[in-house]
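FYI, in the UniProt record's numbering the residues of the sequence shown are 1 to 379. C-beta: ideal position from N, C-alpha, C; glycine also. Fair warning: this is a prediction, and the values are worked out from it, not measured in the lab. Input: a single structure, listed below in structure tokens.
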Amino acid sequence: MLAYSPYVQLLTNSGCFERLIEAVSISDSHNEPDIKVLLEHFYRHVFYRESPPFPEDVPTHPLLVVDYELLKVNDEDEIAKLWKAATELGFWYLKNHGADEEVKKMFDMGAETMALPFEEKMKFEQGDDGMSCGYKAAGANATDETGALDTVEFINVSKDDALGWPKPVHRVYPSTVNARMESTIIPFIRKSIDVNTTLLEIFNGLLGLPRNPPRPEGISEKKAALGAHTDFGSLSFLHNRLGGLQVMVPGTDKWQYVKPISGHAICNLGDAMTIFSGGILKSNLHRVVPPPGAQSQYERWSLVYFTRPGNTVILNALTEDSPMIADAIIKAADAGIFNSGQTASEWFARRTKNQRAKNQKGAETWRASRGTEHRASAA
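So this is what it looks like as structure tokens:
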């Protein structure tokens, strides 16, 4: 059974644009706007009330559209479409996921949190030791081997902290997060858990892995932008309104935009699924850049729910549980990448810690932050 432990990440950006909750930084000037003004501005622009559509003359890479409602009733054609997307590019659109209202409230929470004074947000900073939960200021991470700094700020909220509320498991959060923990964050997490669990169970069955009963909902074990990258974990559930996400199609050296579609989430697989499946499922290289065309003058915000393996799970190919995976490993050109020997917690902390600007000691540090990316650079 594919083991997992979800969490949610919210991110905002200054100048350039990256994943999660992303927007022009409001912290650099230290002249914090009134929250009502910010929210009014946010809805006018982020939800396309004034911003232009994605430009028609910009090349995009089409994603398959998967219907979540059909997956829930085990529609064979829809499951086949999901499998095709997961084994070729590792990205797809997901419609009828039922999370739109929860997503809207999460964007509210993100706007409120990013409107806090910079000094207040820094009280909840992640630090440089591999902690992923909490606030990250713009410029705290390196984006490539040269040490170029990122332009995004974000807040990560652990599922464990949310579902264990009001008792903290990993850390405490800003007042704006705490105020919406029960009304906004927990409902979004539960909805996202339902969606991601449904998808993971389908992959579990198609890979021929044994099915274990799910663990009770609640707190997991305590042991536990951004440039071109693959995602750390198992499955990402992304909600965004403006362009900026790009993928590198395997076999090419060119970045292509993924066009946002209203009412559709974008899902993609992370490194853990590639490792567990022996390379059958794809974790593809992607990045986020400024929106194209006329959209570039507007703030780009996005929201992602990440599912990743439980902290103590070893990241190795599940060859003993699946003949399909065992056969894939035999045929793999480099089987070593599918047997990391690390726990998910170690893998995650390594990548997080070695992204931090303060930890950079040259190209080796950057390379130590990488996952299963199929290229070190791209055109």
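Q. My guess is that L209 and D321 are in contact by the Cβ rule of under 8 Å, so how many angstroms apart are they, rounded?
A. For this step, residue 209 is matched to residue 209 along the sequence shown. For this step, residue 321 is matched to residue 321 along the sequence shown. L209 to D321, Cβ: 5 Å. Contact.
**Q.** Exposure of T307, with buried meaning 16 or more beta-carbon neighbours within 10 Å
**A.** Working through the sequence shown from its first residue, we reach residue 307 at position 307. Result: buried.
Q | Cut-off 6 Å between Cβ atoms - residues of its own chain near D161, not counting five sequence neighbours on either side | A | As a position in the sequence shown, residue 161 is number 161, starting the count at 1. Correct list, in chain order: P168, V169, H170.
Q | Reference W255, options L71, S262, I261, Q246, closest by Cα | A | The residue you call residue 255 lines up with position 255 of the sequence shown. If you compare the alpha carbons of L71, S262, I261, Q246 with that of W255, the shortest gap goes to Q246.
(Q) I believe N141 touches D150 by the beta-carbon criterion, under 8 Å. Please report the beta-carbon distance rounded to the nearest angstrom. (A) The residue you call residue 141 lines up with position 141 of the sequence shown. The residue you call residue 150 lines up with position 150 of the sequence shown. Sure, about 4 Å apart at Cβ, within 8 Å.
Q | Residues near K259 by beta carbon distance below 6 Å, same chain, minus five either side | A | Mapped onto the sequence shown, residue 259 falls at position 259. The answer, listed in chain order, is F54, T60.
Q. Since A333 is in the beta strand (DSSP E), which residue starts that stretch and which ends it?
A. As a position in the sequence shown, residue 333 is number 333, starting the count at 1. Here A333 belongs to no beta strand (DSSP E), and DSSP marks it neither H nor E.
Q) What separation, rounded to the nearest whole angstrom, lies between the Cα atoms of P291 and R300? A) Translated into the one-based positions of the sequence shown, residue 291 becomes position 291. Translated into the one-based positions of the sequence shown, residue 300 becomes position 300. Going by the C-alpha atoms only, they are around 7 Å apart.
Q | the stretch 89–107 contacting the stretch 185–192, beta-carbon criterion three pairs below 8 Å | A | Flag = yes, the stretch 89–107 and the stretch 185–192 touch.
Q) Shortest alpha-carbon distance to I79 belongs to which of N204, V289, N156, V172? A) Reading the sequence shown from its first residue, position 79 is the one you call residue 79. The shortest Cα separation from I79 among N204, V289, N156, V172 belongs to N204.
Q) Among W165, L242, F348, V172, which residue has its Cα nearest to the Cα of G263? A) In the sequence shown, residue 263 corresponds to position 263, counting from 1. Taking only the C-alpha atoms, the option nearest G263 is L242.
Q: Output the distance between the C-alpha atoms of Q295 and G244, rounded to the nearest integer angstrom.
A: Locating residue 295 in the sequence shown gives position 295, counting from the first residue. Locating residue 244 in the sequence shown gives position 244, counting from the first residue. Each residue's Cα considered, the two are about 9 Å apart.
Q) Buried or exposed: I185, going by 16 or more other Cβ atoms within 10 Å of its Cβ? A) Within the sequence shown, the letter at position 185 stands for residue 185. With at least 16 other beta carbons inside 10 angstroms of its own, I185 counts as buried.
(Q) Among the candidates V195, F118, G293, N268, whose CA atom is the shortest distance from the CA of K282? (A) As a working mapping, residue 282 is identified with position 282 in the sequence shown. Nearest of V195, F118, G293, N268 to K282, Cα basis: N268.
Q) Are the beta-carbon atoms belonging to F237 and N178 less than 7 Å from one another? A) Residue numbering aside, residue 237 sits at position 237 when the sequence shown is read from its first letter. Residue numbering aside, residue 178 sits at position 178 when the sequence shown is read from its first letter. No, these two residues do not count as a Cβ contact at 7 Å.
Q) DSSP three-state call for residue 409: helix, strand or coil? A) Residue numbering for the chain in the displayed model covers 1 to 379; residue 409 lies beyond these limits and cannot be assessed.
Q: Classify F107 as helix, strand or coil using the three-state DSSP reduction.
A: If you number the sequence shown from 1, residue 107 lands on position 107. Helix at F107.
Q: Taking only the alpha-carbon atoms, compute the straight-line gap between L134 and P174 and give it to the nearest angstrom.
A: Translated into the one-based positions of the sequence shown, residue 134 becomes position 134. Translated into the one-based positions of the sequence shown, residue 174 becomes position 174. According to the sequence shown, residue 134 is Gly rather than Leu. Answer to the nearest angstrom: the Cα atoms are 9 Å apart.
Q) Taking C-alpha atoms, which residue in P250, L199, P117, D108 lies nearest to S183? A) Locating residue 183 in the sequence shown gives position 183, counting from the first residue. When only C-alpha atoms are compared, the closest one is D108.
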